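Oh and the sequence shown: position 74 is 74 in the working numbering, straight run, nothing missing.
From the three backbone atoms N, C-alpha and C, an ideal C-beta is built for every residue, glycine too.
Because the structure is a prediction, the values reported are computed rather than measured.
One structure is given here, and the rest of the page talks about it.
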Amino acid sequence: MLLIYTGSYPDDKCGVGDYVYNLNQEIKKNYTVNVVKLSLFELIYKIVSNRKIIKLINIQYPSIGFSTNKIAAFKPHVAFILAKLVGLKTSITLHEFSSLSKRAQYFLKIFKLADYIIFTTQYEKNIGEKTLFNSA
Numbered sequence: 001m002l003l004i005y006t007g008s009y010p011d012d013k014c015g016v017g018d019y020v021y022n023l024n025q026e027i028k029k030n031y032t033v034n035v036v037k038l039s040l041f042e043l044i045y046k047i048v049s050n051r052k053i054i055k056l057i058n059i060q061y062p063s064i065g066f067s068t069n070k071i072a073a074f075k076p077h078v079a080f081i082l083a084k085l086v087g088l089k090t091s092i093t094l095h096e097f098s099s100l101s102k103r104a105q106y107f108l109k110i111f112k113l114a115d116y117i118i119f120t121t122q123y124e125k126n127i128g129e130k131t132l133f134n135s136a
């Protein structure tokens with residue numbers, strides 16, 4: 001099973017939600033996919049109750065749903081730490097990394113511990129890799 005954690009999903013007006021919807025439509029042709037939108041409690045429940053069959057947790061960041069307040073902004077970080085603590089493989093899809101503030105980029109450095117980091121364009125990848133893996 002693939003578990004996707006996102007801050008937005010249709011009917012939300014957010015490109016990340018549309019991206020996740022299309023990704024889900026393609027992946028579910030061959031795999032079981034569960035999409036969790038915003039709810040950290042639902043995510044924790046799914047991880048705990050399905051951890052033996054979850055092959056990967058993919059976290060989509062940022063999105064409109066995670067920008068509602070400072071607590072919501074750190075939900076992906078908590079989800080990531082939990083997934084790592086229970087030994088799940090993790091992937092992070094970073095959207096529009098270059099448009100994030102330097103402070104926001106700094107707080108994403110924890111995601112360099114992910115098994116896979118996905119950037120949406122080569123330009124974003126170049127900036128993201130330089131920022132995430134720079135020790136300063």
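Separation of Phe41 from Phe80, as counted between CA atoms: Taking the first residue of the sequence shown as 1, we reach residue 80 at position 80. Taking the first residue of the sequence shown as 1, we reach residue 41 at position 41. Their Cα atoms are separated by approximately 14 angstroms.
Opposing strand residues paired with Ile58 [DSSP bridges]: Here residue 58 is taken as the residue at index 58 of the sequence shown, counted from 1. A small correction: the amino acid at residue 58 is Asn; Ile does not occupy that position in the sequence shown. Per DSSP, Ile4 and Ser91.
8 angstroms CB neighbourhood of Lys13 in its chain, flanking five on each side removed: As a working note, residue 13 is residue 13 in the sequence shown. Result list for Lys13: Ile64, in chain order.
Cβ contact check for the region 106-121 and the region 86-97: 3 or more pairs under 8 angstroms: The count of Cβ pairs closer than 8 angstroms, one atom from the region 106-121 and one from the region 86-97, reaches three, so the stretches are in contact.
Continuous beta strand (DSSP E) stretch holding Ile118: start and end: Residue 118 sits at position 118 when you count from the first residue of the sequence shown. Per DSSP, Ile118 belongs to the beta strand (DSSP E) from Tyr116 to Phe119.
Environment of Gln25 [buried if 16+ CB atoms lie within 10 Å]: In the sequence shown, residue 25 corresponds to position 25, counting from 1. It counts as exposed.
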